[in-house]
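Here the protein sequences line up with chains A and B, keeping their order. The numbers in the first sequence follow the working numbering, run straight up by one, and end at 445. The numbers in the second sequence follow the working numbering, run straight up by one, and end at 1445. Every residue, glycine too, gets a C-beta built ideally from N, C-alpha and C. Note sheet for the following structure.
Number of protein chains: 2
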Amino acid sequence: MKKSRSSKTKTARARVAKKSGGADRKLKIGLIGFGTVGRSVAKILAQDSSGPLLLTHIFNRSIKKKKIGSLSSHIRWTENIDDVLSSDVDVVVELIGGLEPAGEWVRKALRAGKSVVTANKLLISEQGPELLDLARKMGKRLEFGASVAGGIPAIIGIQEGLAGDRLYKIAGILNGTCNFILTKMEKDGTSFDAALKEAQSLGYAEANPSADVDGMDARAKLLILIQAGLRLRVRSEQIPCRSISSVAAVDFMYAAGLDCTIRQISVAQKQTNKGVRLAAAVQPALIPSASLMAHAQGSQNIVTATGEFGGKMIFSGYGAGGDPTAVAVISDLYAIVRSSGAPVEALPGAAEVPDSVSGDFTVPHYLRFVVRDRPGIVASIAAILSKYEISLDALLQKPGFPHSALPFVMTLEACDSAVLDRALAEIARLDFHVEPPLCLPIFLD
Amino acid sequence: MKKSRSSKTKTARARVAKKSGGADRKLKIGLIGFGTVGRSVAKILAQDSSGPLLLTHIFNRSIKKKKIGSLSSHIRWTENIDDVLSSDVDVVVELIGGLEPAGEWVRKALRAGKSVVTANKLLISEQGPELLDLARKMGKRLEFGASVAGGIPAIIGIQEGLAGDRLYKIAGILNGTCNFILTKMEKDGTSFDAALKEAQSLGYAEANPSADVDGMDARAKLLILIQAGLRLRVRSEQIPCRSISSVAAVDFMYAAGLDCTIRQISVAQKQTNKGVRLAAAVQPALIPSASLMAHAQGSQNIVTATGEFGGKMIFSGYGAGGDPTAVAVISDLYAIVRSSGAPVEALPGAAEVPDSVSGDFTVPHYLRFVVRDRPGIVASIAAILSKYEISLDALLQKPGFPHSALPFVMTLEACDSAVLDRALAEIARLDFHVEPPLCLPIFLD
């Protein structure tokens, strides 16, 4: 006998709802924020009305404009946050972003005995450990799977799936806007400004793109991954960010000649031989064209986690957008259902403060100069590098550029980026530069 | 003031152990099986003796040979399984593999009120849902993160991290032995037999390699992923396996000409438009050389999960070996610590039986023939294909082979593999074949 899928599913779900206590005991959800992700969350929940999740409240400013007819008429819409916080919802889903008032509302919700699911990377990167402590104290859950890499289950994969390893390195492409811009520049040979404009017209980049292109957005996500995977507590200002805005079309030409491409790479590496040291940075970098990182196209994200026992693990997929991020939010809601709302015990070593934090990596580097050409330029640069005991690897110069603004590239053997910065400060004072030298690390693995 | 890492870590962990109830309340662990994975588990636990996990019992046949001096002298070694099952351990870690006696012992452990962590893919693929029901009935946990893809957190990633999506496709490279053999053949141009021998001499393949090369090992893992991700219950005999042993060195030459390579691909695709249908198979297949799957080198594994809302997610890493698999086992133990041993609620739709299961996919195909050359061969094959309304895409023939055993290749436009099988049965009856035709699907995404 064939049964339709929906009838079977409904029966199974009704059974589960019953088992979880009471005939109609569902997890009641209050949604704070009704933007792209909020709308996707509401849509997916509405499509699965027989499941254990029930959306009962939506808070949003100017709800008249946003109210959607296809959602259940039982949902209470409000412009007053206290209507949600003082209601009988079991879980508050916070999707307004930013530090305040989101932080205050999350704390209020936890103190009111509600679990919280949030996609707020800034809040979790700055206050995650304190908020988790508060949630545990209240016997409630705080879940933030959507705060990093949207739909990619990176946090649960790293924090729980790899809990048995000793992770020492986290790296990834964590900002879809930068990845869109850089893959666009790579494919079409366009300038940064043109690629940014296209990203803005498609809605991938904000009118003020600084948080994306200058690295702060990715840094907040990296901070969360450092907490979850390396179990270290650092402050955002300890991690340097370099903008992708100084990468030019010509850099992709030179990178291709080195079988590389350029991406915004976030990386954090823990060393424990002399105290606990963390090296972490967000910056444009050269990576091999054949690498997995280079496979992340357009707005895709990728996260790698390397451990002492398990080696390198890779998580990849769509890191942004309403639906993928909503998947992460709803997966967090299911996690609360599966555990019947019980709080999660802290694992050991969850918030160790490292002895030192720097943005320095000992790796090969790519230097691109644009100069008013004349004899002796390479010699004077090489002399300074030599003084700092930095070895030149290769010198690259493509034909077809004017002598008045001639780009050329040097690659350097592995050297400490702090030492190189000092050499570059000296090189930058030479008088032949048409624009400041660009220095990118080359990450080969 | 600088503190050493170990002192800080110990303090933090002692605090957690205390919070979990009682000054010395640790999760007591009994290990069943002391092979490669068991030894890695014991080694990693011994390195972290201040943590919340305490190994107290090890069961193994002929313990005298295996007993390791570096492990704590407090561990009780035994050759009698009842010593473990009747002990005060909280969790039994089952690492002996196979259906029996492992299944009986797991049931006994659950009935004795112990949680169970297992790496046993065969047991979970055959009896997973029943064992999970038993664990829930007893208020205990059954975790099996190590049963699929070793150290890659694929099960938790799919089952929990993507719980909010509606997954409809799971695919992957799930057998490291096959991947080692096929990447070896690809790189060195060696025969299947030579690559298998090397895999055996390196310990990657068993003396009897059938479970690996004929696909049954990967099928057991695919079954578990189908349960966890597609929430379908199927029997192993419903999923066809095709051996990689008929792939020859020449196939890699032809595949390269198509910008492809050959891997053992496990794939399961759910359709819900006319009842619930599942298409699933384990077989060698052509995949694009530039694809992520082709990136999995040697014994690496890769798992992809595609959902209605989140698109395609990728999990990749080391799928086998003692240490990576031990990471998965220990991560499962931490999951039990984090939840204080509380059982996990079943999610809805966890064991739906599909209305139909087949191994048929409508995709392009690669056909390789080895024939005694004579005029009219292509015409007679093409005539049969045409009768079944299958369209030829390309005909490839490399020079340099003898007329008495001439290999050539046809690629076909997308067609149903069941229809193609009927056409091939007819083609195989023609009298010019030196060996049976090889048919491989081409998976382009």
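Rounded C-alpha distance that separates residue i from residue j
| i | j | result |
| --- | --- | --- |
| S73 of chain A | A256 of chain A | 56 Å |
| L222 of chain A | P129 of chain A | 15 Å |
| R1338 of chain B | R141 of chain A | 12 Å |
| G38 of chain A | L1053 of chain B | 40 Å |
| E446 of chain A | D165 of chain A | No statement about residue 446 of chain A is possible, as the shown extent of chain A runs from 1 to 445 and does not include it. |
| G1051 of chain B | E1094 of chain B | 21 Å |
| I1244 of chain B | G1215 of chain B | 8 Å |
| L1099 of chain B | V363 of chain A | 50 Å |
| T177 of chain A | A1394 of chain B | 40 Å |
| V327 of chain A | E237 of chain A | 31 Å |
| P101 of chain A | V344 of chain A | 26 Å |
| A1428 of chain B | C1241 of chain B | 20 Å |
| I1181 of chain B | P399 of chain A | 45 Å |
| S358 of chain A | D416 of chain A | 11 Å |
| S125 of chain A | A220 of chain A | 5 Å |
| M410 of chain A | P441 of chain A | 12 Å |
| S210 of chain A | F369 of chain A | 24 Å |
| A983 of chain B | A1294 of chain B | Any answer about residue 983 of chain B is impossible in this case: the structure gives chain B only from 1001 up to 1445. |
| E435 of chain A | G97 of chain A | 37 Å |
| G1021 of chain B | I1302 of chain B | At G1021 of chain B the pLDDT is 43, less than 50, meaning the model places this residue with poor confidence; the figure from the coordinates comes in the next sentence. Rounded to the nearest angstrom, the two C-alpha atoms are 39 Å apart. |
| V1084 of chain B | D1090 of chain B | 10 Å |
| S1340 of chain B | Y1334 of chain B | 9 Å |
| L131 of chain A | A146 of chain A | 16 Å |
| Q971 of chain B | P1288 of chain B | Since the first and last residues shown for chain B are 1001 and 1445, residue 971 of chain B lies out of range. |
| D373 of chain A | E426 of chain A | 19 Å |
| S386 of chain A | I170 of chain A | 32 Å |
| I262 of chain A | T272 of chain A | 30 Å |
Cβ separation of residue i and residue j, assumed to be a contact under 8 Å, to the nearest whole Å
| i | j | result |
| --- | --- | --- |
| L412 of chain A | L392 of chain A | 6 Å |
| G1150 of chain B | P1324 of chain B | 4 Å |
| I330 of chain A | I44 of chain A | 6 Å |
| G1311 of chain B | G317 of chain A | 6 Å |
| L420 of chain A | H365 of chain A | 6 Å |
| M185 of chain A | F252 of chain A | 6 Å |
| Y1168 of chain B | T1306 of chain B | 6 Å |
For residue i, the first and last residue of its enclosing beta strand (DSSP E)
| i | result |
| --- | --- |
| K169 of chain A | 167 to 173 |
| S1316 of chain B | 1311 to 1318 |
| G307 of chain A | 300 to 307 |
| Q271 of chain A | 260 to 271 |
| S356 of chain A | 356 to 358 |
| A1280 of chain B | 1277 to 1288 |
| E1094 of chain B | 1091 to 1094 |
| S1115 of chain B | 1115 to 1118 |
Residue interval of the alpha helix (DSSP H) (run including residue i)
| i | result |
| --- | --- |
| S1417 of chain B | 1417 to 1428 |
| G1038 of chain B | 1036 to 1047 |
| F1180 of chain B | 1176 to 1188 |
| Y254 of chain A | 249 to 257 |
| F1192 of chain B | 1192 to 1201 |
| E435 of chain A | Premise fails: E435 of chain A lies in the beta strand (DSSP E), 433 to 441, not in any alpha helix (DSSP H). |
| A205 of chain A | Segment: none, A205 of chain A is in no alpha helix (DSSP H) and carries neither H nor E. |
| A218 of chain A | 216 to 225 |
| M1293 of chain B | 1292 to 1295 |
| G128 of chain A | 121 to 137 |
| V1213 of chain B | 1210 to 1213 |
| L1495 of chain B | Because residue 1495 of chain B is not part of the residues shown, which for chain B are 1001 to 1445, the question remains open. |
Residues sharing a beta bridge with residue i, DSSP
| i | result |
| --- | --- |
| I75 of chain A | Per DSSP, none; premise fails for I75 of chain A. |
| T1325 of chain B | Note: T1325 of chain B sits in no beta bridge, so no partner. |
| F369 of chain A | A:F408 |
| K999 of chain B | No answer is possible for residue 999 of chain B: the residues shown for chain B start at 1001 and end at 1445. |
| F59 of chain A | A:I32, A:T78 |
| E1352 of chain B | B:L1232 |
| V1363 of chain B | B:C1415 |
| E1143 of chain B | B:V1117 |
*Enumerate, from N- to C-terminal direction, the unbroken beta strand (DSSP E) stretches of 3 or more residues contained entirely within the stretch 388 to 418 of chain A.*
392 to 396, 406 to 416, all fully within the stretch 388 to 418 of chain A.
_Within 7 Å of chain C by C-beta, residues of the stretch 277 to 303 of chain A in sequence order_ = Protein chains in the displayed structure are A and B, and chain C is not among them.
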